[in-house]
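Numbering-wise, the working numbering puts 108 at position 10 of the sequence shown, and it's gapless, one number per residue.
Each residue gets a CB set at the ideal place from its N, CA and C atoms; glycine is no exception.
Please read the structure below before turning to the comments.
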Amino acid sequence: QQYFYDSHLHPELFDNEILFYHDKEKSTWFEPFISKINSLLDEYNIKLDTATQLGSSIGRTTFELTKRFDRVIGVELCAKFLDVAIKLQNEGSLDLKLSSKNDQTINIDITDNLSVPKAVFKQMTWIPNEIPKSDLVLF
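Written out as structure tokens, the structure is:
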């Protein structure tokens, strides 16, 4: 099956992933992570044409990489995560209801990143087909 939703079996996994990347208390790791990537890109003078992220989840890191790279491929197994990433890319902002968290709603807003059109999202099916020649691959 090409496009498989697996997160409907365990909605708490989806909700936890959203919070991991976008909850202010749980995502304190993200800015230092991106800062480290940027310093390594500069330190090693990495070419900034194409980056590929395996396990791109809902696209937060993929979108952040578009600020530096000409093209970023986000590859994810879970279709529900891909749906959120593509919706964010198209709409810029989303309100998501977290069913396993008493229907808590979280707003995700990426409208300040004007580079998001440089991201391309694919579902992981066969890795050699998903990964183009890349200057950076994150996993």
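Check, Outcome
"On the criterion of 16 or more Cβ atoms from any shown chain inside 10 Å, does residue 161 qualify as buried, or is it exposed?", "buried"
"For residue 175 and residue 144, I'd like the C-alpha separation in whole angstroms.", "27 Å"
"Tell me whether residue 131 is buried or exposed, calling it buried when 16 or more other Cβ atoms sit within 10 Å of its Cβ.", "exposed"
"Can you tell me whether DSSP reads residue 171 as helix, strand or coil?", "strand"
"Check whether the Cβ atoms of residue 213 and residue 165 sit closer than 7 Å, and answer yes or no.", "yes"
"Between residue 181 and residue 147, is the Cβ-Cβ spacing less than 7 Å?", "no"
"If distances are taken between C-alpha atoms only, which option among 202, 215, 171 and 177 comes closest to residue 188?", "215"
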